[in-house]
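Enquirer: Throughout the sequence shown, residue numbering follows the UniProt record's numbering, covering 1 to 62 in sequence. Yeah, the Cβ is synthetic: ideal placement off N, Cα and C, and Gly gets one too.
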Amino acid sequence: MNAIKQGFQDILPLDSIKMFDEKEVELLISGLGEINVNDWRTYAIYKGGYTPENAVIQWFWK
């Protein structure tokens, strides 16, 4: 248990965690419970010459 506590404190110092309640700490650790694919699509950045019109990108979003 000490190793888990130490590892956690290495990432988020105990003083920083004290400002959050248990729900906020859970959100920091686990993230949101659902994934909003529309947000992903809106904010996706394509590289390597890919654009939203490429067939492989269209396939990915289906």
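When you compare only the Cα positions, how much space is there between alanine 20 and glutamate 53?
Expert: At residue 20 the sequence reads phenylalanine, which differs from the alanine that was named. The alpha-carbon atoms of phenylalanine 20 and glutamate 53 are separated by roughly 43 Å.
Enquirer: What is the DSSP secondary structure of asparagine 2, reduced to helix, strand or coil?
Expert: Asparagine 2 falls in the helix class under three-state DSSP.
Enquirer: Excluding the five sequence neighbours on either side, which residues of its own chain have a C-beta within less than 7 Å of the C-beta of leucine 32, listed in chain order?
Expert: For leucine 32, where only same-chain residues beyond five positions count, there are no Cβ hits under 7 Å.
Enquirer: Just verifying my parser: in three-state terms, what is the DSSP assignment at leucine 14?
Expert: Correct three-state label for leucine 14: helix.
Enquirer: Mind reading off the beta-carbon distance from isoleucine 29 to tyrosine 46? Whole number of angstroms is fine, and I expect it under 8 Å.
Expert: Contact doesn't hold; Cβ gap of about 30 Å is too wide.
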